[in-house]
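A.B. asks: My numbering numbers the first residue of the sequence shown as 1 and each following residue consecutively.
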Amino acid sequence: MLINDKNHEVWGIILASGLSTRMGTPKMLLPYQQKTLILHVIETCLHSVLDGVVVVINPKVNGLVEAVSVPDIKHVVENHDSHLGMSTSIKVGLEVLPQQVEAMVILLGDQPEMDEGSINRIVETYQVKNRPSIVQSVFFNNEKGHPVLFKRDMFHHLLQVEGDSGGKSVIEKFSREVVYAPMNQHIIPDVDTIDDYQRLIKKRGVVHDKGNR
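1. In the DSSP assignment, the beta strand (DSSP E) including V56 goes from what residue to what residue?
2. Check for me: the alpha helix (DSSP H) holding G117 runs from which residue to which?
3. Just the C-alpha distance for V123 and L149, rounded to the nearest angstrom, thanks.
4. In terms of residues, what are the limits of the beta strand (DSSP E) holding K74?
5. I'd like the ranges of any beta strand (DSSP E) spanning at least 3 consecutive residues and lying wholly in the region 160 to 200.
6. Mind checking who I134 pairs with in its DSSP beta bridge?
7. Nearest to V178 by alpha carbon, out of G163, Q185, T125?
8. Pick helix, strand or coil for K203, following the three-state DSSP scheme.
9. What are the residues that DSSP puts in a beta bridge with P31?
10. What are the partner residues of K144, as DSSP defines its beta bridges?
11. Rounded to the nearest angstrom, how far is the Cβ of V133 from that of G145, given a contact under 8 Å?
12. On the DSSP bridge list, what partners appear for L232?
13. Which one of H157, V76, V101 has the shortest CA to CA distance from V65?
14. Could you have a look at V41 and say whether DSSP puts it in helix, strand or coil?
15. Determine the closest residue to V53 out of L30, Q34, V96, with distance taken between C-alpha atoms.
16. If you draw a straight line from the alpha carbon of P147 to that of P26, how long is it in whole angstroms?
17. Hey, out of A103, I57, L107, L94, whose CA is closest to H83's CA?
18. Could you tell me if L159 is buried or exposed, where buried requires 16 or more neighbouring beta carbons within 10 angstroms of its beta carbon?
19. In chain order, what residues of the same chain have a beta carbon less than 7 Å from the beta carbon of C45, not counting five sequence neighbours either side?
20. Would you call the CB atoms of V55 and A16 closer than 7 Å?
21. Beta-carbon within less than 7 Å of G63's beta-carbon, same chain only, minus the 5 sequence neighbours each way: which residues are those?
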């Protein structure tokens, strides 16, 4: 049972500052079911049990700040060092978390198929397993992926990470601290390439709305 406890707040940090080099166009603004990819992720987070949501963006992507500036988002943060890897996005997201935030969940802006149940399961596992330092999603075939939760005692270690490894190196270093949250589904795919995007729209269907570009 999920408990909303303001003394143990859990926030989400959506990483949406990638350069989209493999896509060749700003993927966060691609249309999918009459919305942008990033808006799907944002709305999923806002409908979940997360106490707050931060979005980290690339300021060089025209229109992205407007696309993510929706009601109830706590912070939109620009990452001017996004070319240095995912770790930089995590760092700038951590820097704006209020002191009352006990843990945060890393979410990827290019996973529009993620549902709120996945986020809620991470938070619920954190609560019922006595608030471990790390909670990672585990999918069919024992594949590990996002969302991933880190308690505040891991923030210092995340701030030391460099490059594009994100939280992976911290998870590996503190593997004994990790508790797994079974998702009972196949791993949630990223949308990194044109082929990924075509797979997505063929699977779910999409309405191309130029206003969402």
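All C-beta atoms, glycine included, are put in the ideal place defined by N, C-alpha and C.
C.D. replies: For this structure:
1. Counting from 1 along the sequence shown, the entry for residue 56 is found at position 56. Membership of V56 in the beta strand (DSSP E) is indicated by the continuous run 52 to 57.
2. Translated into the one-based positions of the sequence shown, residue 117 becomes position 117. Annotation: the continuous alpha helix (DSSP H) that includes G117 extends over 116 to 128.
3. If you number the sequence shown from 1, residue 123 lands on position 123. If you number the sequence shown from 1, residue 149 lands on position 149. V123 and L149 have their C-alpha atoms some 8 Å from each other.
4. Start at 1 with the first residue of the sequence shown, and residue 74 comes out as number 74. In this chain, K74 is not harboured by any beta strand (DSSP E), its DSSP state being neither H nor E.
5. Within the region 160 to 200, the complete beta strand (DSSP E) runs of at least 3 residues fall at 178 to 182.
6. As a first step, residue 134 must be located in the sequence shown, where it is residue number 134. DSSP output for I134 lists F150, V178 as bridge partner(s).
7. Here residue 178 refers to the residue found at position 178 of the sequence shown. Here the closest residue by C-alpha is T125.
8. The residue you call residue 203 lines up with position 203 of the sequence shown. Look at K203 here: in three-state DSSP terms it is helix.
9. Here the question's residue 31 lines up with position 31 in the sequence shown. BP columns for P31 point to T36.
10. Taking the first residue of the sequence shown as 1, we reach residue 144 at position 144. DSSP output for K144 lists V138 as bridge partner(s).
11. One-based indexing of the sequence shown puts residue 133 at position 133. One-based indexing of the sequence shown puts residue 145 at position 145. Sequence check: residue 133 is Ser here, not Val. In fact, because the Cβ distance is near 18 Å, the residues do not count as touching under 8 Å.
12. In the structure as shown, the chain begins at 1 and stops at 213. Residue 232 is therefore absent and cannot be evaluated.
13. Position 65 of the sequence shown, counted from the start, is the residue given in the question as residue 65. Of all alpha-carbon atoms in H157, V76, V101, the one lying nearest the alpha-carbon of V65 is that of V76.
14. Start at 1 with the first residue of the sequence shown, and residue 41 comes out as number 41. Helix.
15. Against the sequence shown, residue 53 aligns to sequence position 53. Relative to the Cα of V53, the nearest Cα in the group L30, Q34, V96 belongs to V96.
16. Mapped onto the sequence shown, residue 147 falls at position 147. Mapped onto the sequence shown, residue 26 falls at position 26. Their backbone Cα atoms lie some 22 Å apart in a straight line.
17. As a first step, residue 83 must be located in the sequence shown, where it is residue number 83. Cα-wise, what sits closest to H83 is I57.
18. Here the question's residue 159 lines up with position 159 in the sequence shown. That one is exposed.
19. The residue labelled residue 45 in the question sits at position 45 within the sequence shown. Within the same chain, Cβ atoms closer than 7 Å to the Cβ of C45 are found at G12, I14, V53, L107, I119, the five residues on either side in sequence being excluded.
20. Looking up residue 55 in the sequence shown gives position 55. Looking up residue 16 in the sequence shown gives position 16. Yes, Cβ-Cβ distance for V55 and A16 is below 7 Å.
21. Indexing the sequence shown from 1 puts residue 63 at position 63. Annotation for G63: L29 place their beta carbon closer than 7 Å to its own, counting only its chain and skipping 5 residues before and after.
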